[in-house]
Amino acid sequence: MNSFSERLSALRGWFTGLPKAFCSDSGLVAADGETCWNGSASASYTKKEAGDGLTKQGENPEYQADRFLPYRGENLKHSIYDLKANPC
């Protein structure tokens, strides 16, 4: 379990920079005036862009915390149970 956590921590910076990497790669993004897949259709993306990081997701019009938050506690309970049942 520790080695997995260490590997995940090492990748944190990579995942953090991933959105900016996609946006700056001219081969991956549509040029100004072109349409692209916006998640629903091929069109221009007109919604407000949120900043990087979890704290900025509150500003993301597509993020719906009410879908995620009720399950987070259940996942945590299962993880604690598993760790108690199978200590490293």
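Position 5, counted from 1, in the sequence shown is what numbering that gives the first Met the number 0 calls 4; the numbers after and before it change by one each time, with no gaps. Every residue gets a Cβ at the ideal spot worked out from N, C-alpha and C, and that includes glycine. These figures come from a predicted structure and were not determined experimentally.
Handout entry: For A42, three-class secondary structure by DSSP
Key = Numbered from its first residue, the sequence shown carries residue 42 at position 43. Assigned with DSSP and collapsed to three states, A42 falls in strand.
Exercise for the section: Tell me, please, which residues DSSP counts as bridged to C35. Expected result: Position 36 of the sequence shown, counted from the first residue, corresponds to residue 35. DSSP lists A42 as the beta-bridge partner residues of C35.
Handout entry: Closest Cα partner of D51 within the set F21, S2, L82, A9
Key = Translated into positions along the sequence shown, residue 51 becomes position 52. Checking every option, the nearest Cα to that of D51 belongs to F21.
Exercise for the section: Consult DSSP for N85 and reduce its assignment to one of helix, strand or coil. Expected result: Along the sequence shown, one-based indexing puts residue 85 at 86. N85: coil per DSSP, three-state reduction.
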